[in-house]
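*Asks:* Heads up: the sequence shown is residues -22 to -1, 1 to 522, going by mature numbering (1 follows the signal peptide of the UniProt record, and there is no 0).
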Amino acid sequence: MKRNHYLFTLILLLGCSIFVKASDTVFVHQTQIPILIERQDNVLFYFRLDAKESRMMDEIVLDFGKSVNLSDVQAVKLYYGGTEALQDKGKKRFAPVDYISSHRPGNTLAAIPSYSIKCAEALQPSAKVVLKSHYKLFPGINFFWISLQMKPETSLFTKISSELQSVKIDGKEAICEERSPKDIIHRMAVGVRHAGDDGSASFRIPGLVTSNKGTLLGVYDVRYNSSVDLQEYVDVGLSRSTDGGKTWEKMRLPLSFGEYDGLPAAQNGVGDPSILVDTQTNTIWVVAAWTHGMGNQRAWWSSHPGMDLYQTAQLVMAKSTDDGKTWSKPINITEQVKDPSWYFLLQGPGRGITMSDGTLVFPTQFIDSTRVPNAGIMYSKDRGKTWKMHNMARTNTTEAQVVETEPGVLMLNMRDNRGGSRAVAITKDLGKTWTEHPSSRKALQEPVCMASLIHVEAEDNVLDKDILLFSNPNTTRGRNHITIKASLDDGLTWLPEHQLMLDEGEGWGYSCLTMIDRETIGILYESSAAHMTFQAVKLKDLIR
């Protein structure tokens, strides 16, 4: 009887050993950030393991599923990211550093070798990817991450979804605790401008339009020395795409003042651009703030009342009559629109519009005689020869975007220094009078940041509905979770089912929207992956 008892116990132990799990839990985070086609590495998963008893990371298995077309995937890689500082164990973060930088010239396209060690790779993977590493674990916190590399010919509309199937440690399957939503879809993107491109430290402040010929024209600050605002060595750059954003031509400079008047280039900065297509003529207009002198101090505080370029920032424009290929000399319109008592007048960065009656409209902002900022608009009824400006829409507001919701009715969506949510106002007389929109300070949250707003008429989209599209960091803290939203009732509501989050990562947060064609939204934005990131999104992916 005793012999049978021992035999039963042995069988039970052997049977249980089949189901023994590794003793330490692996915490997993699947990212929601743009996958840059030109990058050799894109972070897909992060892993954190506190190796209290574990000694060896054996393998990680991913399942891409049968519905994912993997012909566009060049490689899936597993990297080891080292360990955590003892005093930082409580942070429970998934990486001690940025394994790929979006801000360091020369380190924006691939894993930085000194921060990660590649320990496994699957080339041209199948639906099930087994990354065998047999990597020795450090006693304490260990970081791993999985990278995705796409083929250069990958379409902007390629989507990747993947699931973690298993992790093996010390020959046993580990308990995995996922810290991210289910059913994440990874979308492709192009880094139009990376830190270090054309010798520039950074690129900021996107604007984006589609010309009458279907050309995408993206403008931005070329901030050569650093990422700081004017006054600095800054030009207005432009990138041009004739294939829907897949490829972009060599950068042009619509506005650049060099060493004008004998001052250094860093005291002749011009920036914060806004771009507009005159849909009646296909003339392209760019407006920006030119700062002269100011001792390299921030223009927001160094521009003063007056009209002279030695005292106050100048409002300048350039135009193109050949679809954005070449640009006119600068046109100074300061005298036309600035009140001498104002400290600073500049445009609302992003884009302007052509109204249904042909009026050209740009959003504006100005710091008044009491040093309070106010958003408004300026307009031209003679194809850009002259410009006028009336009254502010709301006090203590800055960067704004304007749309025409119905003939003659303009909506201004404003960054509000009060924080928490966007301010929205309506004018029916080109800014002489304004009324608050019912959604103002209620419907759209923000962290006090620039945002984008465009109106798409029913006849111009595949859904045959009048649509408002909006993008910004969908949060009240930080500049993360860049999200596109749609409204089908002129901005009264922005339903959760009509929202699409593109980038959960931290960045500078500015964005600009356009319609590429009847079916497709284009967005140029400051992502967590590249200074100027472009993505194309099918309208039916947003409004389902």
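All residues carry an ideal CB built from backbone N, CA and C; glycine is no exception.
Bear in mind the structure is a predicted one, so any value in this text is a computation, not a measurement.
1) Considering just the uninterrupted stretch of the beta strand (DSSP E) at Gln8, what are its terminal residues?
2) Looking only at C-alpha atoms, which of Gly409, Met479, Thr61, Thr405 sits nearest to Lys366?
3) Grouping DSSP H, G and I as helix and E and B as strand, with all else coil, what is Met229?
4) Alpha carbon to alpha carbon, what distance is there between His172 and Val107?
5) Within 10 Å of its beta-carbon, does Lys67 have 16 or more other beta-carbons around it, so buried, or fewer, so exposed?
6) Name the residue from Met510, Val46, Thr269 whose alpha carbon lies nearest to the alpha carbon of Gln209.
7) Does Pro318 come out as helix, strand or coil in the three-state DSSP assignment?
8) Would Leu390 and Ser358 qualify as a contact pair, given that the criterion is a beta-carbon distance under 8 Å?
9) Where does Asn274 sit, in a helix, a strand or coil, going by DSSP?
10) Thinking Met392 and Thr375 are a contact (beta carbons under 8 Å), I'd like their distance in whole angstroms, please.
11) Does the Cβ of Val440 have 16 or more other Cβ atoms within 10 Å, making it buried, or fewer, making it exposed?
12) To which residues of the same chain is Asp41 closer than 6 Å at the C-beta, ignoring the five residues directly before and after it?
13) Is the separation between the beta-carbon of Lys516 and that of Thr492 shorter than 8 Å?
14) Could you tell me which residues DSSP puts in a beta bridge with Met285?
15) Could you say which of Leu447, Pro91, Gly487 lies nearest to His459 if we only look at CA atoms?
16) For Ile163, count neighbouring Cβ atoms within 10 angstroms of its own Cβ and tell me buried if that reaches 16, exposed if not.
17) On the premise that Gln423 lies in contact with Ser449, defined as a C-beta separation below 8 Å, what is that separation, rounded to the nearest angstrom?
18) Assign His112 to buried or exposed, taking buried as 16 or more other Cβ atoms, counted over all protein chains shown, within 10 Å of its Cβ.
19) Between which two residues does the alpha helix (DSSP H) holding Asp213 run?
20) Going by alpha carbons, who is nearest to Ala266 out of His282, Pro232, Pro242?
21) Leaving out five residues before and five after Phe116 in sequence, what residues of the same chain have Cβ atoms less than 8 Å from its Cβ?
22) Mapping DSSP to helix, strand and coil, what is Ser280?
23) Can you find the residues in the same chain that come closer than 6 Å, C-beta to C-beta, to Cys(-7), ignoring five residues on each side of it along the sequence?
24) Which residue wins for smallest C-alpha separation from Ala514, given the options Tyr503, Ser418, Ser252?
25) Does the distance from the CB of Asp407 to the CB of Thr332 come in under 8 Å?
26) Classify Ala73: buried if its beta carbon has 16 or more other beta carbons within 10 angstroms, exposed otherwise.
27) Does the region 296 to 311 touch the region 245 to 263, meaning 3 or more C-beta pairs lie closer than 8 Å?
28) Our contact map puts Met295 next to Trp263 with C-beta atoms below 8 Å; I'd like the distance itself, whole angstroms only.
29) By Cβ distance, which residues of its chain are closer than 7 Å to Ser506, with the 5 residues on each side in sequence left out?
30) Over what stretch of residues does the alpha helix (DSSP H) that includes Leu142 continue unbroken?
31) Mind listing, in chain order, the continuous beta strand (DSSP E) runs of no fewer than 3 residues lying wholly within the region 307 to 370?
32) Can you give me the C-alpha to C-alpha distance between Ala403 and Gln379, rounded to a whole angstrom?
33) Just the C-alpha distance for residue 537 and Asn274, rounded to the nearest angstrom, thanks.
34) Which residues bound the beta strand (DSSP E) around Leu478?
35) Which residue comes first and which comes last in the alpha helix (DSSP H) that contains Asp250?
36) With C-beta atoms as the reference, is Ile345 less than 8 Å away from Met166?
*Replies:* To lay it out plainly:
1) 4 to 8
2) It is Gly409.
3) coil
4) C-alpha separation (whole angstroms): 31 Å.
5) exposed
6) Thr269
7) coil
8) no
9) helix
10) 4 Å
11) exposed
12) Lys106, Glu141, Gln143
13) no
14) Per DSSP, none; premise fails for Met285.
15) Gly487
16) Ile163 comes out exposed.
17) About 13 Å; that fails the 8 Å criterion.
18) Of the residues assessed, His112 falls on the exposed side of the cut-off, its CB having fewer than 16 other CB atoms within 10 angstroms.
19) From DSSP, Asp213 is part of no alpha helix (DSSP H) but of the beta strand (DSSP E) over 212 to 219.
20) Pro232
21) Ala29, Gly60, Thr61
22) helix
23) Residue placement at Cys(-7) cannot be trusted, given a pLDDT of 37 that sits under 50; what the coordinates show is reported in the next sentence. Cβ neighbours of Cys(-7) beyond the five flanking positions: none.
24) Tyr503
25) Result no, Cβ atoms of Asp407 and Thr332 do not sit closer than 8 Å.
26) buried
27) yes
28) 6 Å
29) Ile11, Ser80, Asp481, Gly483, Glu484, Gly485
30) Counting along the chain, Leu142 sits inside no alpha helix (DSSP H); it lies in the beta strand (DSSP E) bounded by residues 141 to 147.
31) As far as the region 307 to 370 is concerned, its whole beta strand (DSSP E) runs of at least 3 residues are 322 to 325, 338 to 345, 351 to 358.
32) Taking the straight line from one Cα to the other gives about 11 Å.
33) The first residue shown for the chain is -22 and the last is 522, placing residue 537 beyond what the model contains.
34) 477 to 481
35) Not the alpha helix (DSSP H): Asp250 falls in the beta strand (DSSP E), residues 248 to 255.
36) no
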